[in-house]
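Q: Under mature numbering (1 follows the signal peptide of the UniProt record, and there is no 0), read the sequence shown as residues -18 to -1, 1 to 75, first letter to last. Take a look at this one; I'll ask things after.
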Amino acid sequence: RTTIAGLCFLAAAVCVIALLPESICRAPHAMTSCAGEVKTMWYFDNYTDKCVSYKGCGTGYNDFGSRKCCQDSCPYGKRLDADVRVTYYEEVY
């Protein structure tokens, strides 16, 4: 839980103070299992060059709580004001 809290804090801090390096924004989006609350998160999709929403717990470097935060942290692609697709990840046990 400490690691997850630290990553969430890091993602929030990155949104406020700095851009992420392009290599992090363009890295494949990690699939993680959620031990906590599932919510709408955003990540920079290297294939579409857009910030994309998904349902998950947001535990990686390329995970953001809002589209604006994603676009501000990863300004390497196309900025679209319209909502983009929502991808649902389901944990299978």
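Glycine included, C-beta positions come from ideal geometry on N, C-alpha and C. Model, not experiment: these values are computed from the prediction.
Are F26 and C52 closer than 8 Å when you measure CB to CB?
A: yes
Q: If we call anything under 8 Å between Cβ atoms a contact, is L2 one with S35?
A: no
Q: Name, in chain order, the residues that DSSP records as bridge partners for M23.
A: Y36
Q: Given a threshold of 16 other Cβ atoms within 10 Å of its Cβ, counted over all protein chains shown, does K32 qualify as buried or as exposed?
A: Looking at its Cβ environment, which holds 16 or more other Cβ atoms inside 10 Å, K32 is buried.
Q: What do you get for M13, buried or exposed, if any count of 16 or more other CB atoms within 10 angstroms of its CB means buried?
A: M13 comes out exposed.
Q: Taking 8 Å as the cut-off, decide whether the C-beta atoms of C16 and N44 are in contact.
A: no
Q: Can you tell me whether G42 is buried or exposed, with buried defined as 16 or more other CB within 10 angstroms of its CB?
A: buried
Q: Going by DSSP, what residue range makes up the alpha helix (DSSP H) through C7?
A: Its alpha helix (DSSP H) spans residues E4 to C7.
Q: Could you tell me the alpha carbon to alpha carbon distance between R49 and E19, rounded to whole angstroms?
A: 19 Å
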